Amino acid sequence: MTQPAPAPRVFLKPAALRLLREIARRDAGDGVVFVSTPCGRWRLNGTPYVVADRTFHLLDTAGYVDVGNGHTDPVRVTRPGRAYLATMDGRGAA
1 MTQPAPAPRV FLKPAALRLL REIARRDAGD GVVFVSTPCG RWRLNGTPYV VADRTFHLLD
61 TAGYVDVGNG HTDPVRVTRP GRAYLATMDG RGAA
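Right under this line is the structure:
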């Protein structure tokens, strides 16, 4: 008999969950680049997707992404971040 997947450690608000999914979908190992825009927001380079700076803090604090220097470094999804998404998608930790 299989055990149910463990509950996620942190409950993410919809904006943070979407950001984590966007990063994970595009990060093939080199991270993804965000470009600073006015009013404390960041745009995913090459897309119209814009997110508030504070949303990154939630993911960084939880250990789900690595924001590097927080300014120019690419943002990378971490192994715990991918495991969180796998749990949220009902596949268990990968």
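In this text, residue positions in the sequence shown follow full-length UniProt numbering: the first is 1, and each later residue adds one. Glycine is no exception: its CB is placed at the ideal position from the N, C-alpha and C atoms. On a predicted model such as this, the values are computed, not experimentally measured, just so you know.
{"Item": "L68 to F11 span [Cα, whole Å]", "Value": "The amino acid at residue 68 is misidentified as Leu; the sequence shows Gly. Rounded to the nearest angstrom, the two C-alpha atoms are 23 Å apart."}
{"Item": "First and last residue of the uninterrupted beta strand (DSSP E) at A52", "Value": "V50 to A52"}
{"Item": "Alpha carbon of D89 to alpha carbon of T37, nearest angstrom", "Value": "31 Å"}
{"Item": "Coarse secondary structure for F11, derived from DSSP in three states", "Value": "coil"}
{"Item": "Three-state secondary structure assigned by DSSP to T37", "Value": "strand"}
{"Item": "Neighbourhood of R18 by C-beta, 7 Å cutoff - its chain only, sequence neighbours within 5 removed", "Value": "none"}
{"Item": "Paired residues, beta bridge with D66 - DSSP", "Value": "R76"}
{"Item": "G81 classed as buried or exposed, judged by whether at least 16 other C-beta atoms fall within 10 angstroms", "Value": "buried"}
{"Item": "Contact check, V35 vs R43, beta carbons under 8 Å", "Value": "yes"}
{"Item": "Separation of C39 from P83, as counted between CA atoms", "Value": "The identity of residue 83 in the sequence shown is Ala, whereas the question assumes Pro. Those two C-alpha atoms are separated by around 32 Å."}
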